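Colleague: Positions in the sequence shown are counted from 1; adding 881 to them yields this note's numbering.
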Amino acid sequence: MEKAKVAIAGCGSIGSAIAWSLYMRHENLDISFVNRNQNKAWAKAFDMSHCEPFLPHRNIRTEPAAECTNADLIIMTAGALPKENGTRADVLRDNVAIFQSLLPELGKNNPQAMLLNITNPVDSM
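#1: Quick one: grab the DSSP three-state call for L983.
#2: Under three-state DSSP, which class holds A959?
#3: What are the start and end residues of the beta strand (DSSP E) that includes A924?
#4: Using DSSP bridges, identify the partner residues of I941.
#5: Could you give the C-beta distance for C949 and N991, rounded to a whole number, given that I count them as a contact under 8 angstroms?
#6: Leaving out five residues before and five after L983 in sequence, what residues of the same chain have Cβ atoms less than 7 angstroms from its Cβ?
#7: If you pair each beta-carbon of the region 889-906 with each one of the region 932-942, do three or more pairs fall below 8 angstroms?
#8: Nearest-angstrom Cα distance between N951 and S897?
#9: Suppose the cutoff is 6 angstroms on Cβ atoms and the five residues either side in sequence are ignored; what does the same chain contact list for L973 look like?
#10: Do T943 and A922 come within 7 angstroms of each other at the CB atom, strictly closer than that value?
#11: Beta strand (DSSP E) containing L996: first to last residue?
#12: Between which two residues does the beta strand (DSSP E) holding A890 run?
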């Protein structure tokens, strides 16, 4: 059976929780964290990879957006944190900018992938 690949853009609380859930429940799965802070992404993937001897046929790693290819699913969790006294419109503006910089690269390298957005404000995004 061929491995499926999931690219998770953003390795904060939501991205990490999704990665862990997928990692624990699905065999034959490659997970790639795509994150602007490569050190943070590497640390998250490294911690989870310690379970590989007990969870065969899985792989978790980090890749820059430009090197992330062959994903079947891209899960967007990357986003700006709300600022104190900020509004949903502020978060929307910041997250649209993140999407505009990240999605073209991911889309170009993964044209067959489905996109799942979990970034807030999710109804507007």
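Even for Gly, the Cβ is constructed at its ideal location relative to N, Cα and C.
Just so you know, these numbers come straight off a predicted model, no measurement behind them.
Modeller: Walking through what the data contain:
#1: One-based indexing of the sequence shown puts residue 983 at position 102. Three-state DSSP puts L983 in a helix.
#2: Reading the sequence shown from its first residue, position 78 is the one you call residue 959. Reduced to three states, the DSSP call for A959 is coil.
#3: For the purposes of this step, residue 924 is taken as residue 43 along the sequence shown, with counting starting at 1. Taken as a continuous stretch (DSSP letters only), A924 belongs to no beta strand (DSSP E), being part of the alpha helix (DSSP H) at Q919 to S930.
#4: Numbered from its first residue, the sequence shown carries residue 941 at position 60. Beta-bridge pairing links I941 to I912.
#5: Counting from one through the sequence shown, the residue named residue 949 turns up at place 68. Counting from one through the sequence shown, the residue named residue 991 turns up at place 110. The C-beta separation of C949 from N991 comes to about 7 angstroms, placing the pair in contact by the 8 angstroms criterion.
#6: Locating residue 983 in the sequence shown gives position 102, counting from the first residue. The residues are A890, A946 and A959.
#7: yes
#8: Within the sequence shown, residue 951 is the residue found at index 70, counting from 1. Within the sequence shown, residue 897 is the residue found at index 16, counting from 1. CA-CA distance, N951 to S897, rounds to 21 angstroms.
#9: If you number the sequence shown from 1, residue 973 lands on position 92. P1002 and S1005, listed in sequence order.
#10: Translated into positions along the sequence shown, residue 922 becomes position 41. Translated into positions along the sequence shown, residue 943 becomes position 62. Between A922 and T943, the C-beta spacing is below 7 angstroms.
#11: Here the question's residue 996 lines up with position 115 in the sequence shown. Unbroken beta strand (DSSP E) run through L996: M995 to N998.
#12: The count along the sequence shown starts at 1 and reaches residue 890 at position 9. Per DSSP, A890 belongs to the beta strand (DSSP E) from A885 to A890.
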